[in-house]
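S.K.: Sharing a structure with you now.
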Amino acid sequence: MNIVVCAKIVPVSSVTIQIDPGTRRMIRKDVSQELDPQAAKAVEEALRLAERHGGSVTVVVMGGEDATVGIRSALAMGASAAIHLSDPALAGSDALGTSKALAAAIRRAPFDLVLCATESSDSYAGLVPGQLAQLLGIPPLTFATALTVDGNTVTIKRQSEGGYDTVSAELPALVTVTTGINEPRYPTLKGIMGAKKKEIRKYTAADLGLGPGDVGASGAREHVLTVGRPPARPPGKTIRDEGDGGKQIADFLAGLKLV
Amino acid sequence: MADLIWVYAEIVDGKISRATLELLGKAAELGTAEAVLLGPGPDDAVTTLSRHGASKVYRSDDPVYRDHLTLPAVETIATLIAAHHPTVMLFASSYGGRDVAAALSARLDCGALTDVGDLAVKDGAIVATIPALGGSYQNTTTLTGPGPKLVLVRPKAFEIKPGAASATVEDVPAPRDTALRRIRVLERVTTEREGPQLEDSRVIVSGGRGLKGPERFAMLQELAQLLGGAVGATRAAVDAAWVPYALQIGQTGKTVKPDLYVACGISGAIQHLAGMKGSKTIVAINTDADAPIFQVADLGVVGDVFKVIPQLIEELKKRKRA
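So the protein sequences, as listed, match chains L and B.
First residue of the first sequence? That's 4 in the numbering used here, and the numbers climb one at a time after it.
First residue of the second sequence? That's 47 in the numbering used here, and the numbers climb one at a time after it.
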């Protein structure tokens with residue numbers, strides 16, 4: 004089974020991400036990048052499937068040169084190969100532009116299953132997987148909290164408003180995984196050493212047959228007009244519990260007539 | 047002529063979803079509101095939609111939409127859009143809404159906006175207000191290019207506005223193409239839920255990693271009962287399998303705006319704040335004085351939740367008896 008994982012490389016979670024008011028994009032320069040923890044769950048799920056059923060796991064990443072560290076993490080976890088879409092012409096792409104680039108790269112090799120995180124942990128838009136499935140012409144099975152493949156059929160437990168649905172489709176298909184689906188493995192030292200020898204294939208927009216009307220800022224439909232801050236909450240009061248913290252809360256609630 | 051604003055209406059637990067009604071209220075304010083409702087639903091579905099702002103309902107009760115999810119809905123809506131050219135189509139940030147909007151945006155090559163908190167429409171152009179990066183920024187964004195503006199709206203962004211109205215109904219044919227039935231729903235499981243639903247609760251008592259395990263949620267349950275509220279949780283607590291996903295509040299969970307939110311052992315990660323910052327009054331208890339939750343709390347108590355909460359419970363019981 005050929006499994007493709009779409010992964011995003013994001014600023015490390017300890018960093019408070021800032022937006023540049025000039026370019027109206029996230030500031031990624033001089034910010035350490037890592038494999039998105041949510042994408043790591045998709046990589047983990049792919050590796051488990053490949054271990055059970057055989058096959059390859061290829062990670063596809065779109066991002067600048069600084070994405071390499073994150074790509075190596077996915078390879079160190081055990082992915083067989085990586086594709087890196089890296090080109091200044093791709094910078095500024097919106098979700099649909101990103102999906103077009105990923106779809107063009109994925110189409111170049113045979114695949115059975117595409118795995119994505121439900122959404123990235125920096126922008127949380129969650130559009131790319133659904134767009135990608137549509138562009139690839141394969142069914143999207145989304146919000147998976149569990150995933151099995153039996154023969155040519157993929158079945159998931161799909162999160163629902165009131166519980167879950169069991170949903171299936173024939174391969175090829177695309178599945179998005181929720182954060183609770185697994186606990187990703189840590190790369191072993193052997194994995195980290197081995198990752199350095201694995202191939203990272205690079206594509207530019209032109210390699211993928213994409214022009215300025217498809218990708219990059221010029222191809223984007225989505226445009227940020229203004230960057231601002233939300234109205235601040237009026238400052239509250241913070242006290243240290245001196246043994247009467249519970250009582251103080253009760254008084255506070257009584258004062259607001261909430262009890 | 048008023049802009050044509052469509053709403054993707056959804057049925058959840060056998061009823062028109064609350065989020066659908068929120069969208070209709072806004073749609074009616076922005077222009078001529080019309081709804082698309084696909085799949086089996088309650089008998090009064092059209093009446094409910096019209097009473098909340100829809101002047102027309104495109105309707106099919108064919109089970110194909112329920113049993114095969116996204117693809118038939120995308121096919122039908124794409125056909126309807128080509129025939130009627132709505133300026134905007136609003137979707138709830140629900141599981142189904144997100145799937146349909148994403149697929150449509152690729153099919154129609156028009157893109158989409160997500161997580162929208164407010165929306166203005168003028169001469170066919172839109173300006174959306176979007177809280178970015180967990181609400182630490184508030185940006186305005188537009189969509190350019192031909193095609194409808196597909197907009198996924200945050201829960202609770204708009205108020206439900208009931209009114210008296212009647213809608214015309216246009217029956218739409220369901221697609222018969224078997225390729226659109228590739229996704230099959232085999233089973234639907236509803237997890238038993240007790241007590242008031244999170245989204246409708248006036249009071250929410252929520253727990254995070256600081257509770258150190260599932261047992262301590264019983265303490266929150268007791269506090270919630272005393273306050274007449276429901277229990278919620280952070281993603282950390284849900285990922286650790288201490289409580290079910292249905293309790294998750296945050297960017298990847300439910301968005302809530304109760305009168306009172308009591309955050310217990312919650313540090314206040316951006317992902318969580320995004321789902322509860324709109325609460326009217328926030329009380330937080332955490333051992334770490336530097337925890338970001340204190341930035342949004344009206345009353346913060348730096349202390350041990352295992353001491354402060356039991357004392358609060360005792361205090362509330364005492365006052366109830368008095």
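Just so it is clear, CB atoms sit at the ideal spot from N, CA and C, and this is done for glycine as well.
Model, not experiment: these values are computed from the prediction.
#1: Does chain L have any CB closer than 7 Å to the CB of Glu361/B?
#2: Quick one: which chain B residues come within Cβ less than 8 Å of His87/L?
#3: With a CB to CB cut of under 8 Å and the five nearest residues on each side skipped, what residues in its chain are close to Pro24/L?
#4: Quick one: which chain L residues come within Cβ less than 7 Å of Pro118/B?
#5: Would you report the Cα separation of Gly369/B and Leu244/B, rounded to the nearest angstrom?
#6: Which bits of chain B does Glu122/L rub up against, with CB to CB less than 8 Å?
#7: Can you have a look at Pro208/B and say buried or exposed, based on whether 16 or more other CB atoms are within 10 angstroms of its CB?
#8: By the three-class DSSP mapping on this structure, what secondary structure does Ala138/B have?
#9: Using the C-alpha atoms, what's the distance from Val13/L back to Tyr183/B?
#10: Kindly list the residues whose CB is nearer than 7 Å to the CB of Ala55/B, restricted to its own chain and excluding five residues on each side of it in sequence; keep chain order.
#11: Starting from Tyr291/B, follow its DSSP beta bridges and name the residues at the other end.
#12: Do you know whose CA, among Asp254/L, Lys260/L and Ala209/L, lies nearest Leu88/L's CA?
#13: Between Pro234/L and Gly181/B, how many whole angstroms is the CB-CB distance? I'm expecting something under 8 Å.
#14: Between the region 51 to 63 of chain B and chain L, which residues of the former have CB atoms less than 7 Å from a CB of the latter, in chain order?
#15: Does Ser221/L pass the burial test, meaning 16 or more other C-beta atoms within 10 Å, or should it be called exposed?
#16: Would Ala330/B and Ala343/B be called neighbours here (beta carbons separated by less than 7 Å)?
#17: How long is the line joining the alpha carbons of Pro118/B and Arg222/B, rounded to whole angstroms?
#18: Residues in its own chain within less than 6 Å of Leu154/B by CB, not counting five upstream and five downstream?
#19: For Glu54/L, tell me which candidate among Asp97/L, Pro142/L and Met80/L has the shortest Cα-Cα distance.
#20: Let's test the definition: count the other Cβ atoms within 10 Å of the Cβ of Ser35/L and tell me whether it reaches 16, buried, or not, exposed.
#21: For Asn185/B, list the residues DSSP reports as bridge partners.
#22: Report yes if the C-beta distance between Gly71/B and Ala48/B is below 7 Å; otherwise report no.
#23: Does the CB of Arg228/B have a neighbour CB from chain L at under 7 Å?
#24: Starting from Ser252/B and walking both ways along the beta strand (DSSP E), at which residues does that stretch end?
#25: Sort Thr125/B, Ala337/B and Thr187/B by Cα distance to Arg28/L and report the nearest one.
#26: Kindly identify the DSSP beta-bridge partner or partners of Arg161/L.
#27: List the endpoints of the continuous alpha helix (DSSP H) containing Asp254/L.
#28: Quick one, which residues of the region 256 to 270 of chain B are near chain L if we go by CB-CB under 9 Å, in chain order?
#29: Drop a sphere of 10 angstroms on the beta-carbon of Val168/L, count the other beta-carbons inside from all chains shown, and report buried for 16 or more, exposed for fewer.
#30: Looking at chain B, which residues of the region 212 to 240 of chain L have a Cβ within less than 7 Å of any of its Cβ atoms?
#31: Please report how far the alpha carbon of Gly259/B lies from the alpha carbon of Gly249/L, in whole angstroms.
#32: At 3 residues or longer, and completely inside the region 123 to 170 of chain B: list those beta strand (DSSP E) runs for me, N to C.
#33: Within 7 Å (strictly less), CB to CB, does Asp246/B reach chain L?
#34: Mind the definition here: the region 146 to 161 of chain L touches the region 92 to 99 of chain L only if three or more C-beta pairs lie below 8 Å; say whether that holds.
#35: With a 10 Å radius around its C-beta and 16 neighbouring C-beta atoms as the bar for buried, classify Arg111/L as buried or exposed.
#36: Between Asp161/B and the ligand HEM, is there a pair consisting of the residue's CB and a ligand heavy atom that are separated by less than 6 Å?
M.R.: Based on what the coordinates show:
#1: yes
#2: For His87/L, there are no C-beta contacts with chain B under 8 Å, since the nearest C-beta of that chain is about 23 Å from it.
#3: For Pro24/L, where only same-chain residues beyond five positions count, the Cβ hits under 8 Å are Val230.
#4: Within 7 Å Cβ-Cβ: nothing; Pro118/B doesn't reach chain L, min ~11 Å.
#5: There is no way to answer for residue 369/B, as the model of chain B reaches only from 47 to 368.
#6: Thr298, listed in chain order.
#7: exposed
#8: Secondary structure at Ala138/B: strand, using DSSP grouped into helix, strand and coil.
#9: 18 Å
#10: Ile62, Thr66, Ala81, Val82, Leu83 and Leu95
#11: Beta-bridge pairing links Tyr291/B to no other residue.
#12: Ala209/L
#13: Not confirmed; about 11 Å, so no contact.
#14: Val58 and Asp59
#15: Taking all protein chains shown into account, Ser221/L has fewer than 16 neighbouring C-beta atoms within 10 Å of its C-beta and is therefore exposed.
#16: yes
#17: 9 Å
#18: Cβ neighbours of Leu154/B beyond the five flanking positions: Gly193.
#19: The alpha carbon of Glu54/L has as its nearest neighbour, out of Asp97/L, Pro142/L and Met80/L, the alpha carbon of Met80/L.
#20: exposed
#21: Partner(s): Val230/L and Ile176/B.
#22: no
#23: By this cut-off, Arg228/B is an interface position.
#24: Val249 to Gly253
#25: Thr187/B
#26: Ala147/L and Asp168/L
#27: Gly248 to Gly258
#28: none
#29: It is worth fixing the name first, because residue 168/L is Asp in this sequence and not Val. Asp168/L comes out buried.
#30: Arg224, Glu225, His226, Val227, Leu228, Thr229, Val230, Gly231, Arg232, Pro233, Arg236, Gly239 and Lys240
#31: 21 Å
#32: The region 123 to 170 of chain B contains these whole beta strand (DSSP E) runs: 134 to 138, 158 to 162 and 164 to 168.
#33: no
#34: no
#35: exposed
#36: The ligand HEM is not among the ligands present in this structure, which contains no ligands whatsoever.
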